[in-house]
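For the sequence shown, my numbering assigns the number 6 to the initial residue and increments by one for each residue that follows.
Below is one structure, written out as structure tokens; comments come after it.
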Amino acid sequence: MTQNVFGPPPDWSRAAFGGDANPSFADLVRRVDPGLLPRIDPAQTIPSVPHGTTVLALRYADGIVMAGDRRATEGYTIADRKMEKLFPADDHSAVAIAGAAGPALDLVRLLQVELEHYEKLEGEKLSLEGKANRLASMVKMNLPLAMQGLVVVPLFGGYDLRRTEGRIFRYDAVGGRYEDTEFHATGSGGVHARNTLKMRWREGLGRDEAVRAAVEALIDAGDEDAATSGPDLARGIFPVVAVVDADGYAAISDGDLRRVTEELLAERGRG
């Protein structure tokens, strides 16, 4: 018989944490082993790191569409042509990242664990607004890194099951949280993407129209911003695009994105 040298598994139930159990996973780590939390010496020199560039979100009739280009840059060098910048936060929400890639990816992973931890501890999902507020506090925790150039600016959105509608939240580098009722884009090519979305967005937009508008906005951003890449038909590299509605998070396939891209380029005489 094999002996369990590690002892019994830890008890992660509410009873194990006492009557004042905190549903925050980050606070739990801070209390149990604060050394596991990321730290940085203020005097430390920050090396050049890959940065994610342009991400966007827009609301449509049944939910939201979120998208991000695939390029990561390191100064004037392309660090990655296939970077993932859009992730499901849980079944009915998503987060897209722009800024320093390493801290941004850590923030996404921590948010995913935070939401899963809350649901297991409380027995119910956190509200969409609660998720947005939690992400704001996590961005604020990154302020020491942001002051040294490792800025993380996420974009968060999802389907609000209580209000039965899609909602979009943007952030600033110090954790300020703001809601956008129509669309938003951030990152180095964000201003160019917003110009396209401003022309294409309208109330009651359909799902396919919203996906098309998102792809077109990234094409335009890629034309104007060197750090942003549009779809690359030759390499088969397309933006990451997903919809979040009452049925949950669903990624758009590369096949569908190729068709939309070819249609848009043909209309512009570039097909």
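We put the beta carbon where it would ideally sit given N, CA and C, even for glycine.
Remember, it's a predicted structure, so these values are computed and weren't measured experimentally.
Residue i versus residue j: straight-line alpha-carbon distance, rounded
i	j	result
Glu127	Asp230	44 angstroms
Arg264	Ala247	16 angstroms
Ala141	Gly180	5 angstroms
Lys136	Ser98	9 angstroms
Pro28	Asn138	14 angstroms
Ala215	Leu63	7 angstroms
Ile83	Arg217	26 angstroms
Thr50	Thr78	At Thr50, the pLDDT of 47 sits below 50, so the modelled position is not reliable; the number obtained from the coordinates is stated separately. Going from the Cα of Thr50 to the Cα of Thr78 covers about 19 angstroms.
Asn147	Val157	8 angstroms
Asp261	Leu33	42 angstroms
Asp250	Tyr164	5 angstroms
Val197	Trp206	The amino acid occupying residue 197 in the given sequence is His; Val does not appear at that position. So the alpha carbons of these two residues sit roughly 14 angstroms apart.
Pro47	His189	Only weak support exists for where Pro47 lies, its pLDDT of 49 falling under 50; the value from the coordinates is given anyway. Rounded to the nearest angstrom, the two C-alpha atoms are 33 angstroms apart.
Beta-carbon gap between residue i and residue j smaller than 9 angstroms
i	j	result
Leu91	Ala66	no
Gly171	Gly68	yes
Gly274	Gly227	no
Ala105	Pro159	no
Lys87	Ile242	yes
Val70	Arg212	yes
As assigned by DSSP and simplified to three states, the class of residue i
i	result
Thr186	coil
Val179	coil
Glu119	helix
Glu208	coil
Pro93	strand
Asp74	coil
Glu170	strand
Ala99	strand
Asp252	coil
Thr58	coil
Glu3	The structure shown does not extend to residue 3, since the chain is modelled only from 6 through 276, so no value can be given for it.
Given residue i as reference, the closest of the options once Cα atoms are compared
i	options	result
Gly235	Tyr164, Val249, Arg75, Arg114	Arg75
Glu272	Ile224, Ile257, Asp252	Ile224
Arg168	Ser142, Leu140, Glu129, Glu134	Glu134
Tyr81	Thr58, Leu238, Ala62, Gly162	Thr58
Asp259	Val245, Glu129, Val196, Ala178	Val245
Val144	Ala198, Ala103, Thr78, Val249	Ala103
Thr191	Arg205, Ile173, Trp206, Ala251	Ile173
Leu61	Leu115, Asp85, Ala251, Tyr176	Tyr176
Ala277	Arg207, Phe161, His122	Given that the chain is displayed from residue 6 to residue 276, the structure contains no residue 277 and the question cannot be resolved.
Ala232	Asp96, Asp85, Leu210	Asp85
Contact belief for residue i with residue j at Cβ below 8 angstroms, rounded distance in angstroms
i	j	result
Leu269	Glu221	6 angstroms
Leu238	Thr266	7 angstroms
Ala94	Leu116	6 angstroms
Leu131	Leu120	6 angstroms
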